[in-house]
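J.: Have a look at this one before I ask anything.
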Amino acid sequence: MISEIEQTKYSDENDLKIFDVLIEWIKEHNDKRKPDYKANITYSTLVDKVSAYSIIPVNVGTHLGRVSNFCKENNAPAISAIVGSIEKCEPSKGFFEVLGCADLSMEQKLAKWMPLFNAVYDYPIEQWQELREKYKDYIENKGEENE
Numbered sequence: 054m055i056s057e058i059e060q061t062k063y064s065d066e067n068d069l070k071i072f073d074v075l076i077e078w079i080k081e082h083n084d085k086r087k088p089d090y091k092a093n094i095t096y097s098t099l100v101d102k103v104s105a106y107s108i109i110p111v112n113v114g115t116h117l118g119r120v121s122n123f124c125k126e127n128n129a130p131a132i133s134a135i136v137g138s139i140e141k142c143e144p145s146k147g148f149f150e151v152l153g154c155a156d157l158s159m160e161q162k163l164a165k166w167m168p169l170f171n172a173v174y175d176y177p178i179e180q181w182q183e184l185r186e187k188y189k190d191y192i193e194n195k196g197e198e199n200e
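Counted from 1, the sequence shown has number 83 at position 30 by my numbering; the numbering is strictly sequential.
As structure tokens, then:
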């Protein structure tokens with residue numbers, strides 16, 4: 054059985070992997086610009102690309118939430134806005150809960166989501182990479198606090 058500190062370490066490493074996959078996706082798909090099967094990365098594709106035994110479709114949202122909250126805390130768009138379901142290409146219920154609009158109609162949710170989706174692609178790739186490094190520093194320093 055792994056300790057709580059080890060679980061946190063693996064979880065943090067997986068968050069970084071998610072950041073890496075999403076940044077690479079943005080680089081490769083920035084010219085597509087509409088929420089469809091070309092511009093969105095699906096939850097299952099994200100899980101496959103992260104390739105970590107502890108990330109599965111049912112828990113990937115937890116990781117996305119941590120990464121997106123860090124983005125928001127650092128005045129960047131919630132990077133998880135480009136992740137969607139395979140059926141509808143739109144984010145999950147959890148994404149809308151984080152935005153505080155879970156009780157709105159789907160039309161209202163989509164009206165809130167689309168500007169975020171575009172903001173992710175508008176955010177300069179260099180700034181995404183800097184933010185990823187800042188997140189890495191954050192989790193490394195957090196680990197030192199736990200010791």
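Quick reminder that beta carbons are idealized off the backbone N, C-alpha and C, glycines included. Keep in mind that this is a model prediction, so the values were computed, not measured.
1) If residue 189 sits next to residue 69, beta carbons under 8 Å apart, how far is it from one beta carbon to the other, in whole angstroms?
2) Taking only three categories from DSSP, how would you classify residue 76?
3) For residue 173, which of 192, 130, 123 has the nearest alpha-carbon?
4) Tell me which same chain residues have a C-beta within less than 6 Å of the C-beta of residue 32, skipping the five on either side of it?
5) Check for me: the alpha helix (DSSP H) holding residue 160 runs from which residue to which?
6) If you compare alpha carbons, which of 127, 166, 175, 185 is closest to residue 82?
7) Judging by CA-CA distance, which residue of 137, 147, 127 is the nearest neighbour of residue 100?
8) Strictly by DSSP, which residues pair up with residue 136?
9) Where does residue 122 sit, in a helix, a strand or coil, going by DSSP?
10) Please report the distance separating the alpha-carbon of residue 158 from that of residue 119.
11) Am I right that residue 178 and residue 79 are in contact with their C-beta atoms under 8 Å? What's the rounded C-beta distance?
12) Considering Cα atoms alone, identify which of 134, 66, 117, 127 is closest to residue 201.
13) Taking Cβ positions, are residue 135 and residue 164 nearer each other than 8 Å?
T.: Quick look at the numbers:
1) Locating residue 189 in the sequence shown gives position 136, counting from the first residue. Locating residue 69 in the sequence shown gives position 16, counting from the first residue. Right, the Cβ-Cβ distance comes to about 6 Å (below 8 Å), so this counts as a contact.
2) Translated into the one-based positions of the sequence shown, residue 76 becomes position 23. Looking at residue 76 - three-state DSSP - the assignment turns out to be helix.
3) Locating residue 173 in the sequence shown gives position 120, counting from the first residue. Selected option, being the one with the closest Cα: 130.
4) Outside the modelled stretch of the chain, which goes from 54 to 200, sits residue 32, for which no answer is possible.
5) For the purposes of this step, residue 160 is identified with residue 107 of the sequence shown, where counting begins at 1. Note, residue 160: alpha helix (DSSP H), 159–175.
6) Within the sequence shown, numbered from 1, the residue matching residue 82 stands at position 29. Among 127, 166, 175, 185, the Cα nearest to that of residue 82 belongs to 175.
7) Taking the sequence shown and counting its residues from 1, one reaches residue 100 at position 47. Of the candidates 137, 147, 127, the one whose C-alpha sits nearest the C-alpha of residue 100 is 137.
8) Position 83 of the sequence shown, counting from 1, holds the residue named residue 136. For residue 136, which the question treats as bridged, DSSP gives the partners 94.
9) Within the sequence shown, residue 122 is the residue found at index 69, counting from 1. Note: residue 122 maps to helix in three-state DSSP.
10) As a first step, residue 158 is located in the sequence shown; it is residue number 105 there, counting from the start. As a first step, residue 119 is located in the sequence shown; it is residue number 66 there, counting from the start. Cα to Cα, the separation comes out at about 25 Å.
11) Position 125 of the sequence shown, counting from 1, holds the residue named residue 178. Position 26 of the sequence shown, counting from 1, holds the residue named residue 79. With a Cβ gap of about 6 Å, residue 178 and residue 79 count as contacting.
12) No answer is possible for residue 201: the residues shown for the chain start at 54 and end at 200.
13) Here residue 135 corresponds to residue number 82 of the sequence shown, with the count starting at 1. Here residue 164 corresponds to residue number 111 of the sequence shown, with the count starting at 1. Cβ atoms of residue 135 and residue 164: not closer than 8 Å.
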